[in-house]
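The block underneath contains the structure these notes are about, expressed in structure tokens.
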Amino acid sequence: MKTRNFTFILLLIVCFSGLSAQSLKNKVKGKVTDLKAHEPLIGVNIYINNSTIGTTTNKEGYYELLIPDGRFEIVFSMIGFQPESKFIFVNNGSDRLLDITLREKVYEIDQVQIENRFSDEWFKKINLFKKYFLGQNDISSSCRIENENDIFFSGEYNSIFNVHSYKPIKIRDNALGYLMGCTIISFEIDNQNTFYTYSLKTRFIDIANGESTNTVIWMVNRRRAYVGSLRHFLYSAVTTNKFSNFDVALVKKTDYKEKGTVVKTGDEIISRPDEQSDYKLTFNGLLRVRYKYEMDFSWLKISGSDTYINTNGYLVDPLSVIQYGNRAFGGLSRLLPLDYISY
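Following this note's numbering, the residues of the sequence shown are numbered contiguously, the last one being 350.
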């Protein structure tokens, strides 16, 4: 029995790991410099957005990053500078040169807003921010922000306010076993209409690689977060052309009673010009999705005319699809990195 349990644990660790070193066969390299001083920048964080894949610049400002096939957003981030990002497409052992200049960040925030941290107003705002930022689900209580003191706000709590931070927000997800460094590009909360919009750049660190005690629990929780998710749905569509264990229909409104037009196969809404390209997702109105082993529905809406999905079922632009329903409130506490692979 002990041998069987050990085999099961080992199988979980192997199966739920991220991309293997063999799949990181493309290289992006270059130099990062200060736009104003024209000097190399040391210690710039360079990573694929929403992934564990990253590196930093050396003392001469040079970097080298190994990445898998596909289209990715490469982020260049350093405290005191405006983050930059570039979308690139690589495959078949590409070797890309990408030099970047970073501009010093100028903050135009009223000093009073910074000095008013830890007031009653600040505590109300931080609690509402965490509700949206971390999510409202069964594991969000296991997720915490480690540097709340770096967060401040502008605007009024009872109307619209914005979230700011001079530094990346550090998050520890004790349910899924990740550390996250999250750079806020914008985060606006409309408290009158219970609505929020945001733009974030996030780097993951997998703490399961260094802490073996909770590894199996983390692997199981990651699998639970993945199953029935938007990522799971898109991955099943692009890999099998079928919506395995999903009920899918095109509808006009967020009403679970509406019959709509049933979508049976992926090629009804997904196309791919050739094997070297990403998949294009296109549909009109709303796409209603339900995982067959859950009661809840989700509704998807494309913010433009179409959007793109890479080969592992991840949206190239995560903000291009708006999600309604219970799954929409997952927040960062249920977010898995782009390079997470489930079997």
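All residues carry an ideal CB built from backbone N, CA and C; glycine is no exception.
As the structure is a computational prediction, the values presented were derived from the model and not from experiment.
> Can you tell me whether Ala244 is buried or exposed, with buried defined as 16 or more other CB within 10 angstroms of its CB?
Replying inline: buried
> Can you tell me where the beta strand (DSSP E) with His171 in it begins and where it stops?
Replying inline: Ile167 to Ser172
> Of the choices Val113, Ala182 and Val270, whose alpha-carbon is the least far from that of Trp225?
Replying inline: Ala182
> Which two residues bound the contiguous alpha helix (DSSP H) that contains Ile107?
Replying inline: Note, Ile107: premise wrong, no alpha helix (DSSP H); beta strand (DSSP E) at Ile107 to Leu109.
> In terms of alpha-carbon separation, which member of Lys264, Phe96 and Asp281 lies closest to Lys32?
Replying inline: Phe96
> Which runs of the beta strand (DSSP E) fall wholly inside the segment 264 to 297 and span at least 3 residues, in chain order?
Replying inline: 286 to 288
> Would Phe211 pass as a contact of Tyr185 if the rule is Cβ separation under 8 Å?
Replying inline: yes
> Quick one: what's got a C-beta closer than 6 Å to Phe240's C-beta in the same chain, skipping five residues either side?
Replying inline: Phe253 and Val296
> Are Lys132 and Tyr164 touching if we call contact CB-CB under 8 Å?
Replying inline: yes
> Can you round the beta-carbon distance between Lys43 and Glu111 to whole angstroms, since I take them to be within the 8 Å contact cut?
Replying inline: 6 Å
> Can we say the segment 137 to 157 touches the segment 102 to 110, given the rule of at least three CB pairs closer than 8 Å?
Replying inline: no
> Using 8 Å as the threshold, is the segment 74 to 86 in touch with the segment 54 to 65, meaning 3 or more CB pairs across them?
Replying inline: yes
> Can you name, in chain order, every residue of its own chain whose Cβ lies under 7 Å from the Cβ of Glu155, other than the five neighbours on each side?
Replying inline: Ile133
> Excluding the five sequence neighbours on either side, which residues of its own chain have a C-beta within less than 7 Å of the C-beta of Ile16, listed in chain order?
Replying inline: Note that Ile16 scores a pLDDT of 45, beneath 50, so its modelled location is shaky and nothing firm can be said.
>> Tell me the rounded alpha-carbon separation between Tyr263 and Ile277.
In response: 23 Å
> In whole angstroms, what is the alpha-carbon distance linking Pro344 and Leu207?
Replying inline: 14 Å
>> So within the segment 71 to 107, which uninterrupted beta strand (DSSP E) runs reach at least 3 residues, ignoring any that extend past its ends?
In response: 77 to 84, 91 to 97 and 102 to 104
> Is DSSP giving Val245 helix, strand or coil here?
Replying inline: helix
> Assuming Glu91 contacts Phe83 under a Cβ cut-off of 8 Å, what Cβ separation, rounded to an integer in Å, is found between them?
Replying inline: 5 Å
> What separation, rounded to the nearest whole angstrom, lies between the Cα atoms of Thr261 and Thr63?
Replying inline: 44 Å
> According to DSSP, is Ser148 helix, strand or coil?
Replying inline: helix
> Which residues bound the alpha helix (DSSP H) around Asp127?
Replying inline: Asp127 to Leu141
>> Taking the alpha carbon of Glu46 as the reference point, which residue from Asn65, Gly273, Val35 and Tyr54 has its own alpha carbon closest?
In response: Asn65
> For Gln291 versus Gly273, is the C-beta distance shorter than 8 Å?
Replying inline: In the sequence as displayed, the identity of residue 291 is Asn instead of Gln. Going by C-beta atoms, Asn291 is not nearer than 8 Å to Gly273.
> By Cβ distance, which residues of its chain are closer than 6 Å to Gly37, with the 5 residues on each side in sequence left out?
Replying inline: Leu104, Leu105 and Asp106
>> Measuring only the C-alpha atoms, how far is Ile81 from Tyr69?
In response: 15 Å
>> Considering just the uninterrupted stretch of the beta strand (DSSP E) at Ala232, what are its terminal residues?
In response: No beta strand (DSSP E) holds Ala232; the alpha helix (DSSP H) holding it covers Thr222 to Tyr233.
> Ile178 and Cys189: beta carbons closer than 8 Å?
Replying inline: yes
> Should Asp288 and Asp313 be called a contact, given that it needs their Cβ atoms to be closer than 8 Å?
Replying inline: This sequence places Leu at residue 288; Asp is not what is there. For Leu288 and Asp313, yes; Cβs fall inside 8 Å.
>> Can you tell me whether Asn333 is helix, strand or coil according to DSSP?
In response: helix
> How would you label Thr201, buried or exposed, when you count the other beta carbons within 10 angstroms and need 16 or more for buried?
Replying inline: exposed
>> Assuming the contact rule is C-beta atoms closer than 8 Å, Tyr286 and Ile316 should be a hit. Round their C-beta distance to whole Å, please.
In response: 4 Å
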